[in-house]
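Written below as structure tokens is the structure these notes are about.
Number of protein chains: 4
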Amino acid sequence: MEIGFLGLGIMGKAMAVNLLRHGFKVTVWNRTLSKCEELAAEGASIEETPAAVIKKCKYTIAMLSDPSAALSVVFDKDGVLEAIEHKGGYFLEAPVSGSKKPAEDGQLVILAAGKKELYEEIIPAFDVLGKKSFYLGQVGNGAKMKLVVNMIMGSMMNAFSEGLCLADRSGLSCQTLLDVLDLGGIANPMFKMKGPTMLQSSYSPAFPLKHQQKDMRLALALGDENAVSMPVAAAANEAFKKARSLGLGDLDFSAVYEAVKVAEGSASATK
Amino acid sequence: MEIGFLGLGIMGKAMAVNLLRHGFKVTVWNRTLSKCEELAAEGASIEETPAAVIKKCKYTIAMLSDPSAALSVVFDKDGVLEAIEHKGGYFLEAPVSGSKKPAEDGQLVILAAGKKELYEEIIPAFDVLGKKSFYLGQVGNGAKMKLVVNMIMGSMMNAFSEGLCLADRSGLSCQTLLDVLDLGGIANPMFKMKGPTMLQSSYSPAFPLKHQQKDMRLALALGDENAVSMPVAAAANEAFKKARSLGLGDLDFSAVYEAVKVAEGSASATK
Amino acid sequence: MEIGFLGLGIMGKAMAVNLLRHGFKVTVWNRTLSKCEELAAEGASIEETPAAVIKKCKYTIAMLSDPSAALSVVFDKDGVLEAIEHKGGYFLEAPVSGSKKPAEDGQLVILAAGKKELYEEIIPAFDVLGKKSFYLGQVGNGAKMKLVVNMIMGSMMNAFSEGLCLADRSGLSCQTLLDVLDLGGIANPMFKMKGPTMLQSSYSPAFPLKHQQKDMRLALALGDENAVSMPVAAAANEAFKKARSLGLGDLDFSAVYEAVKVAEGSASATK
Amino acid sequence: MEIGFLGLGIMGKAMAVNLLRHGFKVTVWNRTLSKCEELAAEGASIEETPAAVIKKCKYTIAMLSDPSAALSVVFDKDGVLEAIEHKGGYFLEAPVSGSKKPAEDGQLVILAAGKKELYEEIIPAFDVLGKKSFYLGQVGNGAKMKLVVNMIMGSMMNAFSEGLCLADRSGLSCQTLLDVLDLGGIANPMFKMKGPTMLQSSYSPAFPLKHQQKDMRLALALGDENAVSMPVAAAANEAFKKARSLGLGDLDFSAVYEAVKVAEGSASATK
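Chains as they are written, first to last, in my numbering: chain Z, 920 to 1190; chain U, 920 to 1190; chain R, 920 to 1190; chain S, 920 to 1190.
Here is the structure:
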């Protein structure tokens, strides 16, 4: 199966390598062409434009870094979707859940939506890239599902941050709180992974806070369209906005903890 | 080791049985004495008053159903704590995390605080009752730690409910959302266990909503004392209050989902 | 001064009449032309298209019912603004604060922004239409100022509703609360006017709830752009969304009180 | 009419003077006795204990600085209320709305509750002290009514602060926002009085922020008792808590504006 691959960022590169190692023929394109060479060393062919990739390959996967840009490129008037369908091609959106490590290990979760037949044909590639793929119906549902998941995640990160802050100021050990949480009914990989770095105020951006806040905003907008009231998500969103106003937007989204912690000495006022 | 046991509710009974099966001598008391007989059949001795139990046993465990009542009994002037210490005894608070099943299986998480020496002596019993025990320092820290954990849990349950509601009204499958969540970085036992029953509007009370709301309120009060702002927890608390106002207080705390879902047809007004 | 007038809804009609009565020559257009006849009886000329009005009059005022539609018409590519400036004309946005009665009485507050010279030339008309006009600088500032005001108003309406609900359920008289409020430091015309009708669950739409919610959303979006965290406005917005989900969107925005009040009997769930 | 007066703080002194100037005989007591001398110069008698005042005067008014202390003194076991009623006396709670200036001018709003007959007898004094008095029924209703009013006030102050912050960061003039607000349907004395000082970050404490936050908390607790969900008040309360954590508790409650404004430079974190 000949597969085109557009976008060789952290995720795209890992995924393309995975496909090559499982015997797929892969033709790649990237805005910065130099990134293609590493893939060529793994056996990939290179093309200089997306159009050339699409022309050559029956299936083309696009893995672009900025989801909103990607959506815009795809769904806008004169976008990829229209172009493809105009020429009798099919489109499948397939946002993934998971970051660099799961991408390398083929352990992503794939949220596919669009042309059902195309989904079924491409399953062999999805089987290599992810531990599980879902078919969610019409185009748009993949993005929506991802927004819902990220909204829950963002609210959880706030709840977690508030809990750490409350523990700390109440004289409890934050490390012990992490240990207790990890043994209970709400134990989850995010708390386990982010907790220790948050206690060190270390926020290397796996998922930048400004992107998390954007997803909260978009999820709330989706709720607005459908008249769904989500006060907890709204409060979490405002906390992420506060974090942005504190200059934390480019750090990991767990840096919202710093906004929760902000205390005495940060404001100035006179009697 | 001779251990006294006060309170044979769902949790206490399971724990006392566990101790008996691991070779401890156990003397029990319960407000409703008939409940003691089941334990007698497992080999327990029975006493008719807490005082008699305390007099007989070097160590006495109290497992009372209502945490605030228990705290009041223990900490109030003339309460158990004063009484014990007056007589040279020691007190250890030890709220547990976990419900019926973990209690039966000796898989509780024990949050002990108080007299360190007593904690160390009683470890053999804690090893039988729980998969892990923590020593948290001065009395009060056990209850505080539990409040912090339950506050995070309550906010997460709201985030989860809002996500399910958003998925549903946006045309996504709630079951698929559960499946996607279960494969990702925020997968946790609570979502896995409560999700399916919530989709059936079935709320058999493992942890009654009114108790969850009380813990949210107490956690917020703890934050108030320490000037910790927790807007997400506050929003979650208001949702639990709304659920109480809807008559859902005696159902499981996951019934907050019903409050999130309430929609058209529930209000009456005229132009 | 010859003034064109586009849009003869509740507000536009009152304003155009006002101009006529103060000696201005007024040429009107309205989508439904029949509405123009009432104005003709007051001395107005009628034209059949906006273009004809603009061609005839040095100054044209547009008073369109739906602010977002109006903004879109004005600011979009190929919109009025582009058209006007292309022909050497000038544009002034001028949202007004006030409803039917102030419009009739020439007591509006006018939030003008755009070409400063045009603002100064049109002051004689503004003096007739409003008790006060402000010049706010570049186009867009008028709409922004109105959003800020409406956001404060929406949060206040929620605070008021919560207070009424709390009084009622705490055994206090809501009417007495209105009386007490009206004598204190937060007394304001909105509480005075809306309070009595809210107590009767009567919500004849002076400002429809769905429009208030839209303004809350747009104000929050403006805050998002500028990284301003507004948790109280966000909570108020979610309450308005809940009201929409309850089917109250077409009633007056004070109907959010019904969403705050929703209680027992509105949810269904099983143990 | 002989009236006893306990407590000569800012409010009490102004009120006692008012009574003297309207021909009442007044006997005063204050914890710091020296404060009584100023009143003696106005014609008041002095007693050295509250008991002596109560013994001498048919009616005694207590105006104590800290409402919760006052409530505790009055309602607790062995408190004033019990003592009075035990001796056949009657109690009327009467929190007032208004600060120093209205107290001096006899323009307070009096929220009386308790023994109806006593209320009716004391009306001549209330007529001097306030512009209006309300009889609210059983003891407790006065305090509750005041909490409801202060809760609305606290939420409004937050809405106002968010609006000012949004205006500022969106490039609008905050002074113009004040002017626009003052001409519209939500114009109120609080915005008019506090707005200009807030823009100067000047917070001389007319009503300390920590007391406002306490009233928010107590109002939320009242809502908790009665299962009233108040998400906007809850969000406002968390903002006041944040302000406390920033060290603003002793400033005027309008200093919550500083907490809303806190931005870039206040948090520290590393990538």
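The beta carbon of each residue, even a glycine, is placed where N, CA and C say it ideally should be. Predicted, not measured: the structure shown is a model, and the values here were computed from it.
Hey, residue i and residue j are a contact pair by Cβ (cut 8 angstroms); roughly how many whole angstroms apart?
i: U:L1128; j: U:G1168; result: 5 angstroms
i: Z:A1106; j: U:N1107; result: 6 angstroms
i: U:S1018; j: Z:V1099; result: Not confirmed; about 16 angstroms, so no contact.
i: S:D1134; j: S:N1069; result: 4 angstroms
i: S:N937; j: S:V1047; result: 6 angstroms
i: R:A1031; j: R:F1053; result: 6 angstroms
i: U:V1181; j: R:V1181; result: 6 angstroms
i: U:A1062; j: U:E1012; result: 6 angstroms
i: U:A1158; j: Z:V1151; result: 7 angstroms
Answer with yes or no whether the minimum CB distance from residue i to chain R is below 8 angstroms.
i: S:G1104; result: yes
i: S:S1016; result: yes
i: Z:V1147; result: yes
i: U:P1150; result: yes
i: S:G1025; result: no
i: U:S1089; result: no
i: S:F1045; result: no
i: S:E1157; result: yes
So the candidates are the options; which of them puts its Cα closest to the Cα of residue i?
i: Z:E957; options: Z:G931, Z:P1043, Z:G942, Z:M982; result: Z:G931
i: R:M982; options: R:V947, R:E1177, R:F943, R:A1002; result: R:V947
i: Z:S1164; options: R:S1080, R:S1148, R:V1047, R:A1182; result: R:S1148
i: Z:L1055; options: Z:E961, Z:G1033, Z:R1088; result: Z:G1033
i: S:S1173; options: S:E1012, S:S1121, S:P969, S:K1133; result: S:S1121
i: U:P1115; options: U:A960, U:N1156, U:F1079; result: U:F1079
i: R:D1024; options: R:A933, R:C1093, R:S1123; result: R:A933
i: U:G1090; options: Z:S1089, Z:R940, Z:V1067, Z:G1073; result: Z:V1067
i: R:L1141; options: Z:H1130, Z:K1160, Z:L925, Z:A1146; result: Z:K1160
i: R:T968; options: R:T951, R:V1181, R:E1012; result: R:T951
i: Z:E966; options: Z:A1044, Z:K1006, Z:F924; result: Z:F924
i: S:L1102; options: R:M1109, R:A1182, R:A960; result: R:M1109
i: U:A1146; options: S:P1150, S:A1178, S:N1145, S:A1146; result: S:A1178
i: U:G1007; options: U:A1013, U:L1037, U:P1014, U:K1113; result: U:L1037
Heavy atom of the ligand ADP less than 7 angstroms from the Cβ of residue i, yes or no?
i: U:D1134; result: With respect to the ligand ADP, the structure shown offers nothing to examine, as it has no ligands at all.
Using a Cβ-Cβ cut-off of 6 angstroms (strictly less than) and excluding sequence neighbours within five positions of residue i, which residues of its own chain qualify?
i: Z:K1051; result: V1028
i: U:A1086; result: C1093, L1096
Is residue i helix, strand or coil by DSSP?
i: R:P1127; result: strand
i: U:A1032; result: strand
i: Z:F1110; result: helix
i: Z:T946; result: strand
i: S:F924; result: strand
i: U:L1011; result: strand
i: U:T1116; result: helix
i: U:G1049; result: strand
i: R:D1169; result: coil
i: Z:Y1038; result: helix
i: Z:S1148; result: coil
So, for residue i: in the same chain, excluding its five sequence neighbours on each side, which residues have a beta-carbon less than 7 angstroms away from its beta-carbon?
i: S:E1039; result: none
Determine whether the Cβ of residue i lies closer than 8 angstroms to any Cβ atom of chain Z.
i: U:P1108; result: yes
i: R:K896; result: Residue numbering for chain R in the displayed model covers 920 to 1190; residue 896 of chain R lies beyond these limits and cannot be assessed.
i: U:F1053; result: yes
Indicate whether at least one CB of chain U lies closer than 8 angstroms to the CB of residue i.
i: S:K1063; result: no
i: R:L1165; result: yes
i: S:A1154; result: yes
i: R:A1182; result: yes
i: R:S1092; result: no
Taking 8 angstroms as the threshold (beta carbon to beta carbon), is residue i in contact with chain S?
i: R:E1040; result: no
i: U:A1138; result: no
i: Z:A981; result: no
i: R:G1142; result: yes
For residue i, which residues in the same chain have their Cβ closer than 8 angstroms to its Cβ, ignoring the five residues on either side in sequence?
i: U:A1153; result: L1139
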